[in-house]
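S.K.: Heads up: the sequence lines are chains A and B, in that order.
Residues 255 to 486 in my numbering are what the first sequence lists, from first letter to last.
Residues 254 to 474 in my numbering are what the second sequence lists, from first letter to last.
Ideal Cβ positions, reconstructed from N, Cα and C, are used throughout, including at glycine.
Quick one: the structure is below, questions incoming.
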Amino acid sequence: MVPDGEEHQVMVPVEGTNRRERKKAETRTRIIEAAATLFQRNGYQATSIEDITEMADVAPRTFYSYFDAKADVAMVQLDRWNEDLAEAMESRPPGETLDEMVAGALATLDDLGYVNSQRLRDEDGRPFPPLGVGLLMAETEPEVAGRIYQSTVRFQDRMTVLFRGRFGYPPGSIEPRVLAAALTASWFVAVYGFGEVAAVDSDPPSTDELGLQSLAMYTSGIAGLVERRVLH
Amino acid sequence: MTQVETNRRERKKAVTRARIIEEATALFRRNGYQSTTIEDITEAADVAPRTFYSYFDAKVDVALAQFEEWARHHVEAMEARPAGESPVEMAAGALDVLTSMGYVTSRRLRDENGIPFPPIAVAVLLSETEPEVAGRVYQVMVSFQTRMTELFRNRLGYPIGALEPRIIAASMTATWLVAVYGFADVAAGTSDPPSTDELGLAGLRAYSDGLSALWEGRLGH
């Protein structure tokens with residue numbers, strides 16, 4: 255706590271720079287948070303940059319000194335989620351199976367404040383997907399879809415390296431990639447399966463639950479889903 | 254105009270289109286996507302610049318043409334499989350159909366120096382650096398997955414809203430990612446890597462039989 259000294263320290267150039275940088279970081283965070291709230295409440299498409307700057311209490315043109323477009327502020331969130339998930343996976347103790355690692359990592363994300371484990375309901379009690387998922391379901395612009403694809407591929411590459419090390423596979427093995435792609439597939443099920451399930455179920459599971467259900471199926475084998483039904 | 258003339262014109266159009274795709278692909282690979290202009294493409298394909306626009310709306314469309322066609326043929330081949338097959342049998346059968354159509358994904362391709370290379374569509378290669386191309390690749394992948402979800406729902410008799418068909422469909426997408434991105438993993442450790450079809454089917458069998466087999470006995474690492 256430096257209640258009095260702080261004002262004077264601003265006069266020192268290097269401190270001034272720090273303060274300015276801190277202020278910039280704060281503004282950026284405020285814009286991201288305002289955008290998150292609005293995307294969540296009104297949907298990505300219906301939210302304008304003016305809505306975001308209004309809520310963040312900054313001038314509209316300030317937005318453009320931090321982000322090039324609305325899609326960038328949305329991608330920041332997805333990238334952050336991806337990064338946090340990758341780190342949480344990498345921090346899991348050795349000896350865990352893939353499904354244990356994922357369950358543990360999702361619990362860590364929950365502690366960090368992500369809401370993907372919750373069954374979200376709006377004020378009228380209607381279920382809605384978490385922000386990133388809603389964005390992915392709604393997004394049709396190739397450029398945003400492209401950023402999503404690229405960050406998915408990067409995440410998968412990182413998981414391939416992790417599983418190669420954890421499960422002791424030699425270079426040239428396909429298995430670590432198969433495991434990593436199963437995470438991508440589970441994530442697809444969580445995102446695109448949510449809409450399907452929510453269309454017929456008034457109390458759909460959370461996206462974390464859907465992803466984990468999917469991973470459990472890959473773990474035990476999808477042949478089990480097929481055998482009883484293949485004669486249709 | 255007679256039927257013969259119509260057919261000839263259609264055939265000529267198809268040949269021109271294929272030539273544009275082929276020359277564009279060669280230029281993208283050689284000079285990069287960004288530095289290739291539509292004029293470069295029409296010059297190489299020996300057609301007038303405006304001819305390009307009677308086949309494609311933009312440069313990105315020609316990059317995607319092969320990949321979108323492959324995805325469409327793959328979906329159609331899956332949908333044409335006889336009832337009673339498992340997803341692995343359906344996928345293997347569909348890949349045979351693609352091979353008979355002239356796709357080379359089942360082959361262990363080698364360049365002139367004997368170095369293995371994957372038969373990956375130029376659009377997928379470009380997706381690494383070009384967000385717009387990556388976006389269209391993503392959209393093709395998602396719509397492929399949606400059609401597979403419908404197919405498995407009907408084939409396996411799951412009700413609307415059931416998650417299982419989506420889980421099976423997403424394993425097809427994962428298989429495709431394994432084939433495309435796993436090729437480099439495998440090529441890094443062996444001088445004779447399998448074809449992308451072989452890699453994809455290995456992935457799909459693992460999803461079918463269960464992934465737990467892939468870490469059993471390996472948790473001590």
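#1: State the DSSP-derived secondary structure class of Met-265 of chain A, mapped to helix, strand or coil.
#2: Helix or strand or just coil, what does DSSP make of Arg-274 of chain A?
#3: Going by alpha carbons, who is nearest to Ser-427 of chain A out of B:Leu-452, B:Arg-361, B:Ala-422?
#4: Going along the region 368 to 389 of chain B in order, which residues come within less than 8 Å of chain A, judged by CB to CB distance?
#5: Please report the residue range of the alpha helix (DSSP H) in which Pro-412 of chain B lies.
#6: Within this structure, are the beta carbons of Ile-368 of chain B and Val-315 of chain B separated by less than 8 Å?
#7: For Trp-323 of chain B, which option in B:Pro-335, B:Leu-348, B:Ala-427 has the closest C-alpha, if you only look at C-alpha atoms?
#8: By how many angstroms is the C-alpha of Glu-280 of chain A removed from the C-alpha of Gly-259 of chain A?
#9: Leaving out five residues before and five after Arg-264 of chain B in sequence, what residues of the same chain have Cβ atoms less than 8 Å from its Cβ?
#10: For the region 312 to 335 of chain A, enumerate the residues whose C-beta is nearer than 8 Å to any C-beta of chain B, in chain order.
#11: With respect to the alpha helix (DSSP H) encompassing Arg-325 of chain B, which residues constitute its N-terminal and C-terminal limits?
#12: Taking only beta-carbon positions, decide if Gln-319 of chain B is within less than 8 Å of chain A.
#13: Are the CB atoms of Val-350 of chain B and Ser-461 of chain B nearer to each other than 8 Å?
#14: Considering only C-alpha positions, which residue in the set B:Glu-332, B:Thr-295, B:Arg-325 is nearest to Glu-403 of chain B?
#15: Contact check, Leu-379 of chain B vs Phe-305 of chain B under 8 Å by CB: the rounded distance?
#16: At a CB distance below 8 Å, what residues from the region 454 to 473 of chain B approach chain A? Give them in sequence order.
#17: Anything in chain A within Cβ reach of Val-350 of chain B, meaning under 8 Å, just list it in chain order.
#18: Secondary structure at Pro-335 of chain B, three-state DSSP: helix, strand or coil?
#19: Does any C-beta atom of chain B lie closer than 8 Å to the C-beta of Phe-382 of chain A?
#20: Does the beta carbon of Gln-392 of chain B come closer than 8 Å to any beta carbon on chain A?
#21: Measuring only the C-alpha atoms, how far is Thr-351 of chain A from Arg-380 of chain A?
#22: My output table needs one value for Arg-375 of chain A: the three-state DSSP class, helix, strand or coil.
#23: Contact criterion: CB-CB distance below 8 Å. Does Tyr-306 of chain B meet it with respect to chain A?
#24: Relative to the C-alpha of Glu-429 of chain A, which residue among B:Gln-398, B:Val-257, B:Asp-364, B:Trp-468 is closest?
#25: Could you name the residues that DSSP lists as bridge partners for Pro-381 of chain A?
#26: Hey, Ala-423 of chain B and Gln-398 of chain B are a contact pair by Cβ (cut 8 Å); roughly how many whole angstroms apart?
#27: Cα separation between Ala-374 of chain B and Ile-291 of chain B?
#28: Just the Cα atoms here: how many angstroms apart are Gln-299 of chain A and Ala-435 of chain A?
#29: When you compare only the Cα positions, how much space is there between Asn-407 of chain B and Leu-464 of chain A?
#30: For Glu-321 of chain B, which residues of its own chain have a beta-carbon under 7 Å away from its beta-carbon, when the five flanking residues on both sides are left out?
#31: Near Asp-333 of chain A, what residues of its chain come up, given a Cβ to Cβ distance below 7 Å and the 5 sequence neighbours on each side ignored?
#32: Could you check whether the Cβ of Leu-433 of chain A sits closer than 8 Å to any Cβ belonging to chain B?
#33: Quick one: measure Cβ to Cβ for Ser-448 of chain B and Arg-360 of chain B, integer angstroms, because I've assumed they're closer than 8 Å.
#34: Express the C-alpha separation of Arg-418 of chain A and Val-256 of chain A in angstroms, rounding to a whole number.
#35: Quick one: give me the first and last residue of the alpha helix (DSSP H) that Phe-305 of chain B is part of.
#36: For a minimum of 4 consecutive residues, which ranges assigned as the alpha helix (DSSP H) are wholly contained in the region 279 to 338 of chain A?
M.R.: Looking at the coordinates:
#1: Unreliable placement is indicated for Met-265 of chain A, whose pLDDT of 44 sits below 50; the coordinate value is still reported in the next sentence. DSSP, read as helix, strand or coil, puts Met-265 of chain A in coil.
#2: Helix, per DSSP.
#3: Restricting attention to B:Leu-452, B:Arg-361, B:Ala-422, the CA atom closest to the CA of Ser-427 of chain A is found in B:Leu-452.
#4: Hits within the stretch, in order: Ser-380, Glu-381, Glu-383, Pro-384, Glu-385, Val-386, Ala-387, Gly-388, Arg-389.
#5: Run containing Pro-412 of chain B: none; DSSP gives neither H nor E here.
#6: Cβ distance not < 8 Å, so Ile-368 of chain B and Val-315 of chain B don't count as in contact.
#7: Here the closest residue by C-alpha is B:Leu-348.
#8: Any answer about Gly-259 of chain A is weak, because its pLDDT of 40 lies below 50 and its placement is not dependable; what the coordinates show is given next. Looking at the two C-alpha atoms, the distance is approximately 21 Å.
#9: If you ignore the 5 residues before and after Arg-264 of chain B, its C-beta comes within less than 8 Å of no other C-beta in its own chain.
#10: Within the region 312 to 335 of chain A, no residue qualifies.
#11: Counting along the chain, the alpha helix (DSSP H) containing Arg-325 of chain B begins and ends at 312 to 332.
#12: Contacts with chain A at 8 Å (Cβ-Cβ) do not include Gln-319 of chain B.
#13: When the beta-carbon positions are compared, Val-350 of chain B and Ser-461 of chain B stay at least 8 Å from each other.
#14: When each option's Cα is compared against that of Glu-403 of chain B, the closest is B:Glu-332.
#15: Leu-379 of chain B to Phe-305 of chain B, Cβ: 18 Å. No contact.
#16: Residues of the region 454 to 473 of chain B with a C-beta less than 8 Å from any C-beta of chain A: Ala-455, Gly-456, Ala-459, Tyr-460, Ser-461, Asp-462, Gly-463, Leu-464, Ser-465, Leu-467, Trp-468, Arg-471, Leu-472, Gly-473, listed in chain order.
#17: Under a criterion of Cβ atoms nearer than 8 Å, no residue of chain A is adjacent to Val-350 of chain B; the nearest Cβ is some 20 Å distant.
#18: Here Pro-335 of chain B sits in coil by DSSP.
#19: Closer than 8 Å: no.
#20: Gln-392 of chain B counts as touching chain A.
#21: Rounded to the nearest angstrom, the two C-alpha atoms are 36 Å apart.
#22: Here DSSP, grouped into helix, strand and coil, assigns Arg-375 of chain A to strand.
#23: Chain A, which has no Cβ nearer than 8 Å to the Cβ of Tyr-306 of chain B, makes this no.
#24: Distance from the Cα of Glu-429 of chain A is smallest, within the candidate group B:Gln-398, B:Val-257, B:Asp-364, B:Trp-468, for B:Trp-468.
#25: Residue pairing by DSSP places Pro-381 of chain A opposite A:Arg-375 in a beta bridge.
#26: Sure, about 6 Å apart at Cβ, within 8 Å.
#27: Straight across, the Cα-Cα distance linking Ala-374 of chain B with Ile-291 of chain B is about 19 Å.
#28: Each residue's alpha carbon lies about 30 Å from the other.
#29: When rounded, the distance between both Cα atoms is 21 Å.
#30: Cβ within range, chain order: Val-393.
#31: When the five nearest sequence neighbours on each side are left out, the beta carbons in the same chain lying within less than 7 Å of the beta carbon of Asp-333 of chain A are those of Ser-405, in order along the chain.
#32: It does: the Cβ of Leu-433 of chain A has a partner Cβ on chain B nearer than 8 Å.
#33: Yes, Ser-448 of chain B and Arg-360 of chain B are in contact; Cβ-Cβ is about 6 Å, under 8 Å.
#34: Its pLDDT being 38, under 50, Val-256 of chain A is placed unreliably in this model, and the value from its coordinates should be taken loosely. C-alpha separation (whole angstroms): 50 Å.
#35: First-last of the alpha helix (DSSP H) with Phe-305 of chain B: 302 to 308.
#36: DSSP runs (the alpha helix (DSSP H)) wholly in the region 279 to 338 of chain A: 303 to 310, 314 to 317.
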